[in-house]
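Taking full-length UniProt numbering, I'd label the letters of the sequence shown as residues 1 to 100.
Heads up, the beta-carbon is just placed ideally off N, CA and C, and yes, glycines get one too.
Keep in mind that this is a model prediction, so the values were computed, not measured.
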Amino acid sequence: MKINGSTLGEKVTAIERVGIYVPGGKASYPSTVLMNAIPARTAGVKNITMVCPPINGKLDPLVLVAADLCEVDEIYKLVELMRLGLLLMAQKLLNKSIKL
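Written out as C-alpha coordinates, the structure is:
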(Lines of atoms letter the chains of each structure in order from A and count residues from 1; the text may use other names and numbers.)
(Lines give C-alpha, C1' and ligand atoms only; values in the text may rest on other atoms or scores of the structure.)
Protein backbone atom coordinates (compact mmCIF):
# COMPACT_ATOMS: atom_id res chain seq x y z
CA MET A 1 0.00 0.00 0.00
CA LYS A 2 1.35 3.44 -0.89
CA ILE A 3 0.72 6.47 1.30
CA ASN A 4 2.30 9.84 0.54
CA GLY A 5 4.93 8.20 -1.67
CA SER A 6 5.91 5.63 0.98
CA THR A 7 5.24 1.92 0.69
CA LEU A 8 3.72 0.30 3.76
CA GLY A 9 3.35 -3.41 4.35
CA GLU A 10 4.97 -6.37 5.97
CA LYS A 11 7.68 -8.77 4.91
CA VAL A 12 7.37 -12.36 6.03
CA THR A 13 10.66 -14.24 6.23
CA ALA A 14 10.83 -17.85 7.35
CA ILE A 15 13.24 -18.92 10.06
CA GLU A 16 15.80 -21.27 8.50
CA ARG A 17 16.03 -23.77 11.39
CA VAL A 18 13.84 -24.63 14.36
CA GLY A 19 14.23 -27.08 17.21
CA ILE A 20 11.15 -28.76 18.61
CA TYR A 21 10.90 -30.62 21.91
CA VAL A 22 8.49 -33.53 22.15
CA PRO A 23 7.88 -34.63 25.74
CA GLY A 24 8.01 -38.27 26.58
CA GLY A 25 9.31 -40.62 29.20
CA LYS A 26 6.14 -41.84 30.91
CA ALA A 27 3.79 -41.11 28.01
CA SER A 28 3.96 -40.53 24.27
CA TYR A 29 2.88 -37.32 22.55
CA PRO A 30 2.86 -37.65 18.74
CA SER A 31 0.36 -34.78 18.64
CA THR A 32 3.12 -32.46 19.89
CA VAL A 33 5.14 -33.27 16.77
CA LEU A 34 2.17 -32.29 14.60
CA MET A 35 1.39 -29.12 16.59
CA ASN A 36 4.98 -27.90 16.22
CA ALA A 37 6.22 -29.24 12.89
CA ILE A 38 3.16 -28.47 10.73
CA PRO A 39 3.13 -24.72 11.52
CA ALA A 40 6.91 -24.62 11.00
CA ARG A 41 6.66 -26.25 7.56
CA THR A 42 3.68 -24.08 6.65
CA ALA A 43 5.74 -21.00 7.55
CA GLY A 44 8.54 -22.16 5.25
CA VAL A 45 11.09 -23.41 7.79
CA LYS A 46 13.73 -25.38 5.89
CA ASN A 47 15.18 -27.54 8.70
CA ILE A 48 13.37 -28.99 11.71
CA THR A 49 15.31 -30.74 14.46
CA MET A 50 13.34 -32.75 17.01
CA VAL A 51 14.49 -33.91 20.44
CA CYS A 52 12.56 -36.44 22.49
CA PRO A 53 13.36 -38.54 25.57
CA PRO A 54 13.28 -42.30 25.08
CA ILE A 55 10.85 -44.66 26.78
CA ASN A 56 12.84 -47.71 27.90
CA GLY A 57 15.65 -46.65 25.58
CA LYS A 58 13.50 -46.33 22.44
CA LEU A 59 11.44 -43.59 20.83
CA ASP A 60 7.76 -44.30 20.50
CA PRO A 61 6.87 -45.51 16.98
CA LEU A 62 3.88 -43.13 16.83
CA VAL A 63 6.17 -40.15 17.51
CA LEU A 64 8.50 -41.37 14.74
CA VAL A 65 5.59 -41.76 12.30
CA ALA A 66 4.38 -38.24 13.10
CA ALA A 67 7.92 -36.92 12.55
CA ASP A 68 8.12 -38.75 9.22
CA LEU A 69 4.76 -37.38 8.07
CA CYS A 70 5.93 -33.86 8.95
CA GLU A 71 9.29 -34.42 7.22
CA VAL A 72 11.32 -33.66 10.35
CA ASP A 73 14.96 -33.46 9.24
CA GLU A 74 16.81 -34.59 12.37
CA ILE A 75 15.68 -36.57 15.41
CA TYR A 76 17.67 -36.89 18.62
CA LYS A 77 16.87 -39.27 21.46
CA LEU A 78 18.10 -37.49 24.57
CA VAL A 79 17.71 -37.52 28.31
CA GLU A 80 16.13 -34.53 30.08
CA LEU A 81 19.06 -32.21 30.80
CA MET A 82 20.86 -32.75 27.51
CA ARG A 83 18.08 -31.52 25.21
CA LEU A 84 18.32 -27.78 25.48
CA GLY A 85 22.10 -27.90 25.81
CA LEU A 86 22.44 -29.79 22.54
CA LEU A 87 20.26 -27.35 20.63
CA LEU A 88 22.13 -24.36 22.05
CA MET A 89 25.50 -25.97 21.33
CA ALA A 90 24.43 -26.79 17.77
CA GLN A 91 23.40 -23.18 17.30
CA LYS A 92 26.82 -21.99 18.45
CA LEU A 93 28.81 -24.59 16.46
CA LEU A 94 26.84 -24.04 13.27
CA ASN A 95 26.92 -20.28 13.80
CA LYS A 96 23.26 -20.26 12.82
CA SER A 97 20.28 -19.12 14.75
CA ILE A 98 17.88 -21.86 15.79
CA LYS A 99 14.44 -20.92 17.07
CA LEU A 100 13.46 -23.01 20.08
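- Approximately 6 Å separates the beta-carbon atoms of Ser-28 and Leu-62; this is inside 8 Å, confirming the contact.
- Glu-74 has Thr-49 as its beta-bridge partners, per DSSP.
- Taking a cut-off of 8 Å on C-beta distances, the stretch 6-17 does not touch the stretch 31-38, as fewer than three cross pairs fall below it.
- Per DSSP, the continuous beta strand (DSSP E) segment holding Val-18 begins and ends at 17-21.
- In the DSSP secondary-structure assignment, Ile-38 is not bridged to any residue.
- Leu-87 counts as buried, since no fewer than 16 other beta carbons sit within 10 angstroms of its beta carbon.
- Looking at Lys-77, Lys-46 and Glu-71, the one whose alpha-carbon comes closest to that of Lys-58 is Lys-77.
- According to DSSP, Ser-6 shares a beta bridge with Ile-3.
- As computed with DSSP, Lys-58 is found in a beta bridge with Ile-55.
- For Ala-67, the three-state secondary structure derived from DSSP is helix.
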